[in-house]
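So the structure is just underneath, and the comments pick up after that.
Residue numbers (our numbering): 108 to 778.
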């Protein structure tokens, strides 16, 4: 092969590419299912033919506009109206091929879409594996016709056969690959030549381009990196964990943030931690496409598959246990500013059955338990920080500067103030929260019993460590006795919009639920079931908290960006309720103290999580979704003592506990 390359003969690094070319040249004989395979063959052959050309010279020889055009052509069938007739669209493909064959085809489209980024990172072994799925699937239909059952058997075999590879890939991506392809892009990125953006193989928009341009001259890059890394390292100190026994940290960033990443690498280096850069985010080429394919595993997921996956992952974790033991945690950049997304729910999209959902939920718990054995939560940490993207509008630079103010507030000051709030809340047998101005929230949250108030507390005093910015105080409520209604007129959760979301809690669990997204009540309930509750039938109230970052709230109101803020910031702008697991899941037995007063936090368990000692598969929900009530929708938060005394914490959206006056200053400045 090398000799052929030396004499100028082009040899593909992908051994089965010629077979894909043959699929692209088939005669469809007007059969729609063959037309699908022909189009997939054409697309994959075109993309994979680039692999041998994609070197440094390739990105130097083409100008920026050429590379942008090429990038957009690769993803063109998913963009705009093109999606209406894309094989990635379940509605279209089911209409063309029928339900069973259509769902198989749209699964294949989505699975094979992953080849694109693999081509740019030259991961030929996995490319060949995926291409073989296309080749084998076509060979079957060429002989047997459009028999969906036969294709599903091929798919099931494929998904099992690739488990070893994907288990090793996951472990490398989390903790081991310190010399990744993305690391090379960051190291070599030239801010004066943005053609490097196309090396990722991801869909590149104005958002990524403008981000890279802005950060190339931004004076705050060093400060951003310092703030993130300081928060990460401070969390080790606060949690009394030893980072010196670790050597790697996974860092997740956005395309265009390479200037920040170079400084992040330097900052972590001061603590002898090497970043693993294997996951990079960008604007989703088509959010509806992503939404349509959330449950594609319904095509092959079963009890047997789950058991084989757990077996394969356990063996792979064991094989790499030494390297995994050096993993310190994850540092994550989030972004905000994208246009809010209201998905269309399609009956044609694949969905897990009730039986599959239960198997899936139990399997996730077991996999998490396996992972925790090799990367124990008691030794690791995380941090998250968010910044706006240019898509937020003309005031991007002003909003970015304001976000810097929010992200760099004084943790020591907030810790002192929040301690006063905790002292008031700890006197309560339950906390009563009531909304106003159209918000119908009226809920009483039961508190854990404190036996030694001098040394114990229910609330963690949270500053800018794991979740930047400051600040909040949070607890794990008692489920029995927690009753009432949580209502939001409009809220975005995980990027999805909910109108008039109403959750009624009975003894700590969601008993009734509804929203007003659709005219039909059944569709509203289904929307909540698929996006908020899944894979559970109900969820407990895992966390109650009060966010104290009033500056963030005032700035968000000033720029009219409250609906698009990430929960990372949004949860700091009022009381919030997290449905799902507690904040201490999988680490309930670790003793945790508030550094300010030395009190031990005792509220780490509830009636759900305590099942881990007898029935771990039913102890966790694998969900934790924060729902925040903004200050202007808040009539009061009161702590109610056992003898009925009312201790006011917030009244008419303002903090009134002695010692919290400074929290109201941003409101006063706004007025």
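Ideal placement from N, C-alpha and C gives every residue a C-beta, glycine not left out.
Residue i, buried or exposed, once every other Cβ within 10 Å from all chains shown has been counted against 16
i	result
residue 446	exposed
residue 125	exposed
residue 290	buried
residue 324	exposed
residue 622	buried
residue 499	buried
residue 780	Lying outside 108 to 778, the shown extent of the chain, residue 780 is not represented and no answer is given.
residue 752	exposed
residue 759	exposed
residue 109	Any reading at residue 109 needs caution, since the residue's pLDDT is 42, under 50, leaving its predicted position unreliable; the model's value is listed next. Counting Cβ neighbours within 10 Å, residue 109 comes out exposed, since fewer than 16 surround it.
residue 726	buried
residue 670	exposed
residue 299	exposed
residue 399	buried
residue 113	Bear in mind that the predicted position of residue 113 carries a pLDDT of just 40, short of 50, making it too unreliable to give a figure here.
residue 422	exposed
residue 637	buried
residue 92	With the chain covering 108 to 778 only, the question about residue 92 has no answer from this structure.
Collapsed DSSP secondary structure at residue i in the structure displayed
i	result
residue 587	strand
residue 287	coil
residue 305	helix
residue 690	coil
residue 800	Look at the range of the chain in this structure, 108 to 778, and you will see that residue 800 is not part of it.
residue 670	helix
residue 396	helix
residue 759	coil
residue 216	helix
residue 556	coil
residue 117	Annotation note: pLDDT 43 at residue 117 (below 50); position unreliable, coordinate value reported separately. Coil.
residue 574	strand
residue 627	coil
residue 450	coil
residue 435	strand
residue 126	helix
residue 209	helix
residue 561	coil
residue 355	strand
residue 542	strand
residue 360	strand
residue 742	strand
residue 526	helix
residue 648	strand
Between the CA atoms of residue j and residue i - distance to the nearest angstrom
i	j	result
residue 557	residue 705	15 Å
residue 695	residue 711	6 Å
residue 626	residue 148	42 Å
residue 104	residue 748	Any property of residue 104 remains undetermined from this structure, which presents the chain solely from 108 to 778.
residue 257	residue 145	19 Å
residue 375	residue 516	21 Å
residue 678	residue 732	10 Å
residue 613	residue 188	45 Å
residue 283	residue 435	11 Å
residue 508	residue 495	10 Å
residue 111	residue 225	The pLDDT assigned to residue 111 is 32, lower than 50, so where the model puts this residue is not dependable; a value taken from the coordinates is nonetheless given after this. The alpha-carbon atoms of residue 111 and residue 225 are separated by roughly 24 Å.
residue 737	residue 672	12 Å
residue 735	residue 683	4 Å
residue 599	residue 138	43 Å
residue 133	residue 251	16 Å
Among the options, the one whose alpha carbon lies nearest that of residue i
i	options	result
residue 566	576, 550, 585	585
residue 597	589, 607, 351, 243	607
residue 644	313, 762, 772, 462	462
residue 184	343, 491, 393, 344	393
residue 580	299, 510, 518	518
residue 238	191, 165, 156, 253	156
residue 460	409, 512, 538	409
residue 473	728, 171, 757	728
residue 406	707, 198, 209	209
residue 757	340, 661, 681	681
residue 730	642, 381, 263	642
residue 487	548, 355, 246	355
residue 264	295, 416, 293	416
Residues that residue i bridges to, as DSSP identifies them
i	result
residue 442	494
residue 682	653
residue 569	579
residue 606	597
residue 178	Bridge partners of residue 178: none, in fact.
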